[in-house]
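Enquirer: Residue numbers (the working numbering), protein chains in the order written: chain H, 1 to 387; chain B, 1001 to 1409.
So, in structure tokens, the structure goes:
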């Protein structure tokens, strides 16, 4: 039986060039379907990676209760002091807890395209870099405590002009020089500016922090103890979350939107491609009627014939899917995208390519099953008489 | 089903070609060609329909984003603090009002972090003044009578129908509002508001809105916060000078303690349209990919149909059908599934568009709109696809050697 299947498939593939143009329809269809699907999903993957990388589960972030993000949240110095002294926070080498208040302010900037973008400027305290070891300088130097200067994330430079070393950024109390450029290995922080917290607070006349960031103890219950201590304190009206959970919640709606758009467009195209494949495969079976009749007369059973039809369609779909994914990878992988205040790179991952291929194969299967069954059921006598 | 479609299609086409006068006599030829392989015809039609469903949704979405920019107001300005810290001082009002391009200025204050009953029910309560009521009638149904009513009851608020239904409120009901932190001079977090009326919805505020008195807000706030606003609404004298007036406002406060960032409503709409996904590009590429996909399908279909009927075309030419006429016949044969599919696809897209808000609850996405121009664009694209698919077969037919073709060689 297996030899029969192999023989029919081989024969069929050998004859494929004769149906080159018809076969091309399926290949092109799959290029379009997979190209669109993978390109759209690269947006999701890129965004997810950039947000998730920023959210280290070993850190906790505390914001005022009822707020969705740091932007609207305010924690007074007194509140922050209580949070910092709570249990569950790791101690530094000097015995002080590895936690401190941070402040974020929206900083409008004009993109090269002329569109305004609101970047976050984040004020870090003395522990800032110990808390965020992923921040690595790639040019210039770190901002100094007390000095009116900023360092910029690498990703911003691609989008906003005048963000090079030595340029100046308009801040609430005048222009601050850029003294350094940093990378975080591609997370969302790379689209932010960093400065000294207290200097930034003076400049913005703010007296409260936006959030407290804390490094948790390695014990698995550290987060629970930290959370319980905060919620049990009647003076505080704050919520604490793992940094990873925080970014997950924040990014959730956007990711949901990107996914919905990608699957909706990819899905509608797939339906179109499926009908196209059905048409082509029915026509192919029609053309092969005499061949199939002969095979059946020679003693081949219906199953190898049906399998040869399906495998033809799968092979064509696989070819198209690979080309489509390659297009998506060449055009979009690593290219920078700005989505409102977020700057991130599009990512075409192996997993995404796998998904695209799977998607195409399912479409091909649906598009070839009915023609395959028809091929298997052809009456030998009628088939042999076909012209 | 196929038989029914056959009948309906036939009568539709008959009517169309009767209107064309002597086009009628060619009708059976085309009909026979289309119905030679009904299953394949239907599958092509369905494939084209899917491609145009995508086309309609995409271009409709693009149109909708463009529409939002179009209906935005170039003469309404928003004055924000350049850096989100504390707000803009009320004292700026008179200075802004003195600028030559400014006609009116309105105040919108808010109770910071306000919520009703549960922290999840956060509300942006607009605490307004008379200037605001003079600028906003185009967007909010605030009449002078309603404004007087509001002034007469300091802690009164108007709520929109959506809010009234959401919280089961009617005029006269208490509407107690809480804040997460102390928000009043008396040290409390509690605002005893009362509903004085229910108003119609505003396109500016899809989730409903609440309007209250600015004076009441300001007099109740802690002293330190008094006289600070989240933003001003400004009406420029005309739309053309709106952007310049915005610049003038920012220039005036560039070196003050609170620098401002002013944008026109139009400018904000444009930024919103461009700040996320590059909508025109993405929609064009996706709909283009769909069309490209069906182009190959129809191209292959018509080429095969012509190849299989070479003797038939040879016969037509022998009978004296001109090249042009033969070309037209092939084109119409290709165009029918394309145009039908395009019309069906747009219909599906329109039905689909209505469901998008239901499919994506909690996510704001402009609903695709289907202006008439979209229909023409789709039809033109469908005709173009049909035309491109007939180029090769038609070229082949022109070079047809009638004698050998008719003898089946």
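Note that beta-carbon positions come from the ideal geometry of N, C-alpha and C, so glycine has one too. Just so it is clear, the structure is predicted and the values come from calculations on it, not from any experiment.
Below 8 Å, how does it come out for the stretch 72-81 of chain H and the stretch 54-64 of chain H: are there three or more Cβ pairs, yes or no?
Expert: The answer is yes - the stretch 54-64 of chain H touches the stretch 72-81 of chain H, with three or more Cβ pairs under 8 Å.
Enquirer: Whose Cβ in chain H lies nearer than 8 Å to the Cβ of residue 1300 of chain B?
Expert: Those within 8 Å of residue 1300 of chain B in chain H are 21, 22, 24, 25, 280.
Enquirer: So what does DSSP say about residue 244 of chain H, is it helix, strand or coil?
Expert: In the structure shown, residue 244 of chain H sits in a helix (DSSP, three-state: H, G or I).
Enquirer: Express the C-alpha separation of residue 1388 of chain B and residue 133 of chain H in angstroms, rounding to a whole number.
Expert: Residue 133 of chain H and residue 1388 of chain B: Cα-Cα distance of roughly 59 Å.
Enquirer: Applying a beta-carbon distance threshold of less than 8 Å, which residues of chain H neighbour residue 1122 of chain B?
Expert: In chain order: 66.
Enquirer: Looking at residue 276 of chain H: is its Cβ nearer than 8 Å to the Cβ of residue 1293 of chain B?
Expert: A contact, by the Cβ cut-off of 8 Å.
Enquirer: Please work out which residues of its chain come closer than 8 Å, Cβ to Cβ, to residue 38 of chain H, disregarding the five sequence neighbours upstream and downstream, and give them in chain order.
Expert: 324, 325, 328, 329, 348, 352, 353, 355, 356, listed in sequence order.
Enquirer: Do residue 55 of chain H and the ligand ATP come close, with the Cβ less than 7 Å from some heavy atom?
Expert: In the structure on display, the ligand ATP does not appear, and there are no ligands present to speak of.
Enquirer: Would you mind sorting residue 385 of chain H into buried or exposed? The rule is 16 or more other CB atoms within 10 Å of its CB.
Expert: Its Cβ having fewer than 16 others within 10 Å, residue 385 of chain H is exposed.
Enquirer: So the candidates are H/106, H/373, H/2, H/86; which of them puts its Cα closest to the Cα of residue 227 of chain H?
Expert: Answer by Cα proximity: H/86.
Enquirer: Within 8 Å of any Cβ in chain B, is that where the Cβ of residue 184 of chain H sits?
Expert: So, not an interface residue.
Enquirer: Does any CB atom of chain B fall closer than 8 Å to the CB of residue 163 of chain H?
Expert: Cβ-Cβ to chain B under 8 Å: no for residue 163 of chain H.
Enquirer: In the DSSP assignment, what residue or residues form a beta bridge with residue 1370 of chain B?
Expert: Residue 1370 of chain B pairs with nothing; no bridge assigned.
Enquirer: Using DSSP with H/G/I as helix, E/B as strand and the rest coil, what is residue 1185 of chain B?
Expert: Three-state DSSP puts residue 1185 of chain B in coil, outside helix and strand.
Enquirer: Just verifying my parser: in three-state terms, what is the DSSP assignment at residue 1190 of chain B?
Expert: In the structure shown, residue 1190 of chain B sits in a strand (DSSP, three-state: E or B).
Enquirer: Using a Cβ-Cβ cut-off of less than 9 Å, list which residues of the stretch 317-329 of chain H approach chain B; keep chain order.
Expert: Under the 9 Å Cβ criterion, the stretch 317-329 of chain H contributes no residue.
Enquirer: Tell me the DSSP bridge mates of residue 176 of chain H?
Expert: Note: residue 176 of chain H sits in a beta bridge opposite H/169.
Enquirer: Grab me the residues of residue 1416 of chain B's own chain with a C-beta within less than 8 Å of its C-beta, minus the 5 sequence neighbours each way, in chain order.
Expert: Residue 1416 of chain B is absent from the structure shown; chain B starts at 1001 and stops at 1409.
Enquirer: Check whether the Cβ atoms of residue 1158 of chain B and residue 1116 of chain B lie closer than 8 Å to each other.
Expert: Their beta carbons are not under 8 Å apart, which means residue 1158 of chain B does not touch residue 1116 of chain B by this criterion.
Enquirer: Quick check: the Cα distance between residue 1176 of chain B and residue 1289 of chain B, rounded to an integer number of angstroms?
Expert: Taking the straight line joining both Cα atoms gives about 54 Å.
Enquirer: Quick one: what's got a C-beta closer than 7 Å to residue 1171 of chain B's C-beta in the same chain, skipping five residues either side?
Expert: Excluding positions up to five away in sequence, the list reads 1195, 1196, 1197, 1198.
Enquirer: Any idea if residue 1318 of chain B is buried or exposed, counting beta-carbon neighbours within 10 angstroms, 16 or more meaning buried?
Expert: It counts as exposed.
Enquirer: Excluding five sequence neighbours on each side, which residues of the same chain lie with their C-beta closer than 8 Å to the C-beta of residue 1019 of chain B?
Expert: Any reading at residue 1019 of chain B needs caution, since the residue's pLDDT is 48, under 50, leaving its predicted position unreliable; the model's value is listed next. So the list is empty, once near-sequence residues are dropped.
Enquirer: Cβ closer than 7 Å: which chain B residues qualify as neighbours of residue 271 of chain H?
Expert: Those within 7 Å of residue 271 of chain H in chain B are 1050.
Enquirer: Can you tell me the Cα-Cα spacing of residue 1281 of chain B and residue 1274 of chain B, whole angstroms?
Expert: Each residue's alpha carbon lies about 11 Å from the other.
Enquirer: Closer than 7 Å between beta carbons: that is the criterion. Which residues of the stretch 1054-1076 of chain B meet it against chain H?
Expert: Hits within the stretch, in order: 1054.
Enquirer: Can you check the stretch 307-350 of chain H for any beta strand (DSSP E) of at least 3 residues that lies completely inside it and give the ranges in chain order?
Expert: Fully enclosed beta strand (DSSP E) runs of 3 or longer: 336-339, 342-345.
Enquirer: By DSSP, does residue 1092 of chain B sit in helix, in strand, or in coil?
Expert: The answer is helix: DSSP assigns residue 1092 of chain B an H, G or I state.
Enquirer: Distance cutoff 8 Å, beta carbons only. Does residue 1248 of chain B sit that close to anything in chain H?
Expert: It does not: the Cβ of residue 1248 of chain B has no partner Cβ on chain H nearer than 8 Å.
Enquirer: Could you please give the first and the last residue of the uninterrupted alpha helix (DSSP H) stretch that includes residue 1053 of chain B?
Expert: 1038-1070 is the extent of the alpha helix (DSSP H) around residue 1053 of chain B.
Enquirer: For my contact list, residue 164 of chain H and residue 157 of chain H are in at a C-beta cut-off of 8 Å; report their separation, rounded to the angstrom.
Expert: At roughly 7 Å, the Cβ-Cβ gap stays under 8 Å, so residue 164 of chain H and residue 157 of chain H are in contact.
Enquirer: Quick check on this structure: which residue in H/101, H/266, H/185 has the alpha carbon closest to the alpha carbon of residue 41 of chain H?
Expert: Nearest option by C-alpha distance: H/266.
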